[in-house]
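Undergrad: Here it is, the structure, as structure tokens.
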Amino acid sequence: MLRTAFAPAELLVKDQSHLHEGHAGAQEGKGHFDVTIVSEHFDGLNRIARHRLVYDALGAFMESDIHALRITALSPAERHARG
198 MLRTAFAPAE LLVKDQSHLH EGHAGAQEGK GHFDVTIVSE HFDGLNRIAR
248 HRLVYDALGA FMESDIHALR ITALSPAERH ARG
């Protein structure tokens, strides 16, 4: 769904749930994830707007499968500047 919504140049999703065993969300079967996504869709948007787009793209998964999500959303130029 992130690939469809953003046609990213780069997409990395890491499941970090094992680091949070015993937390309330983990007990409910929901996961902790880190997402790094690079897309032209983020050009000119601030961090809050970028995060909203990612949350919207994930839709129902935010309710059913995801307890915590760390997002790094960059434009291609920002990614290039980071190296």
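Position 25 (the sequence shown) corresponds to 222 in my numbering; numbering is contiguous. By construction, the Cβ of each residue, glycine as well, lies at the ideal position given by its N, Cα and C atoms. This one's a predicted model, so the numbers in the text were calculated from it and none came from an experiment.
#1: Leaving out five residues on either side along the sequence, give the residues of the same chain with a beta carbon under 6 Å from the beta carbon of residue 211.
#2: Can you tell me where the beta strand (DSSP E) holding residue 254 begins and where it ends?
#3: Using alpha carbons as the reference points, say which of 275, 227, 270 lies closest to residue 261.
#4: Grab the span of the beta strand (DSSP E) containing residue 264 for me, first residue to last.
#5: So, for residue 233: in the same chain, excluding its five sequence neighbours on each side, which residues have a beta-carbon less than 6 Å away from its beta-carbon?
#6: Under 8 Å, do residue 235 and residue 276 count as touching if we go by C-beta distance?
TA: According to the data block:
#1: On the sequence shown, position 14 is the one that residue 211 refers to. For residue 211, the CB contacts under 6 Å within the same chain, skipping 5 residues up- and downstream, are 231 in chain order.
#2: By 1-based counting over the sequence shown, the position of residue 254 is 57. From DSSP, residue 254 is part of no beta strand (DSSP E) but of the alpha helix (DSSP H) over 244 to 255.
#3: Mapped onto the sequence shown, residue 261 falls at position 64. Ranked by Cα distance from residue 261, the options 275, 227, 270 are led by 227.
#4: Here residue 264 refers to the residue found at position 67 when the sequence shown is read from its first residue. From DSSP, the beta strand (DSSP E) with residue 264 extends over 263 to 271.
#5: By 1-based counting over the sequence shown, the position of residue 233 is 36. Once the five neighbours on either side are set aside, the close Cβ partners of residue 233 are 209, 269.
#6: The residue you call residue 235 lines up with position 38 of the sequence shown. The residue you call residue 276 lines up with position 79 of the sequence shown. A contact, by the Cβ cut-off of 8 Å.
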